[in-house]
Every structure is written in C-alpha cells, then in structure tokens.
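One point on numbering: in UniProt numbering, the residue at position 13 of the sequence shown is 13, and numbering is uninterrupted. Below: one structure, written as structure tokens.
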Amino acid sequence: MGSSIRPIALGLLRRQGQILVFEGRDDVKGETYYRPLGGGIEFGEHSKDTLQREFREELDAEVKVGELRGVLENVFAWRGNPGHEIAFVYEAEFVDSALYAKDQMKILDDPATARWVDLTDFMDGSKILYPNGLTELLSSE
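Printed below as a string of structure tokens:
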C-alpha cells in the first residue's frame with residue numbers, strides 16, 4: 001500500500017433494499033468485511049470513467065454512473081499494512097437489467113465473488129461495510 005493516498009471510485013448498485021458488494025477477509029484483524037465494487041483512479045482518468053472501466057474489468061458489465069453520493073476519506077490498516085484512500089462514491093446501475101436477477105457474480109480479475117447484501121445487515125452492525133463512513137452515508141437517506 002505504501003505511503004501515498006490512493007484515489008478510488010466505488011459504485012452503489014441497488015436491488016430491493018440490497019447493495020452489490022464483494023466479501024473480503026483480513027486475517028490479521030480476524031475480520032470479514034464487504035465493499036462496493038470499483039477501484040483505483042488512473043492518472044488523467046475521471047472518477048466516473050474509472051467506475052465504468054472497473055465494472056467492465058471485474059464483471060464484464062456496462063454501468064450507467066449516476067449521482068455522486070459523497071467523498072469519503074479512509075485511513076485504515078489492512079493485513080497489518082497502513083492504507084489511505086479518498087473514495088468517490090457514486091450511484092450506479094447496470095445497463096443490462098438481467099444482471100439484477102443474478103444473486104452472485106464472479107469477479108473476473110480477482111478470486112472474489114460479488115453478491116447482493118441487505119443494507120440492514122450493515123446498518124445493524126451484523127456485517128462490516130467499508131470504506132469507513134459509507135454506512136453513515138447510506139443511513140442518511
């Protein structure tokens with residue numbers, strides 16, 4: 001992770017009270033967590049374009065990027081290493097509505113799987129949602 005700040009773009013895709021996330025694991029913390037899909041913004045790339053590129057790379061899916069919901073600063077430790085991100089969080093939707101019928105989707109460039117998780121699981125604290133501050137951003141709706 002190094003000692004630099006990483007700008008990222010994340011997409012909030014919604015389905016009947018759920019959001020699309022991938023499940024991650026930090027064995028150092030002994031923690032299972034969830035995070036919306038997206039990724040690092042490349043130099044010269046607009047954050048909306050990052051989201052479209054990342055969904056093509058991760059799910060071979062096209063998304064329409066909507067409203068910027070917020071910008072979150074996340075200073076954290078992952079697997080014992082320090083990290084610092086600035087996350088642009090956008091509403092987004094699949095162009096192909098058939099993707100909403102899939103309960104799980106294999107992420108193509110990672111061993112993880114994307115799945116729909118009830119927002120209430122994050123709001124009541126039974127599941128951890130990153131980046132920090134995203135649960136509060138979603139609960140302000």
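Heads up, the beta-carbon is just placed ideally off N, CA and C, and yes, glycines get one too. None of these values were measured; they are calculated from a predicted model.
By a beta-carbon distance limit of 8 Å, ALA87 contacts ILE8. Their separation comes to about 5 Å.
Under the three-state reduction of DSSP, PHE55 is assigned to helix. With contact defined as three or more Cβ pairs closer than 8 Å, the segment 53-60 and the segment 70-87 are not in contact.
Looking at LEU51, THR32, TYR33, the one whose alpha-carbon comes closest to that of GLY40 is LEU51. Per DSSP, ASP118 is one residue of the beta strand (DSSP E) stretching across 113-118.
DSSP places GLU91 inside the beta strand (DSSP E), whose first and last residues are 81-94.
No residue range can be given for LEU37, since it is assigned to no alpha helix (DSSP H) and is classified by DSSP as neither H nor E. DSSP places GLU136 inside the alpha helix (DSSP H), whose first and last residues are 134-139.
Residue pairing for PRO7: DSSP places it in a beta bridge opposite ILE86. Rounded to the nearest angstrom, the gap between the Cα atoms of LEU99 and ALA114 is 11 Å.
When the Cα atoms are used, VAL95 and ASP103 turn out to be separated by approximately 17 Å. DSSP links GLU23 through a beta bridge to TYR34.
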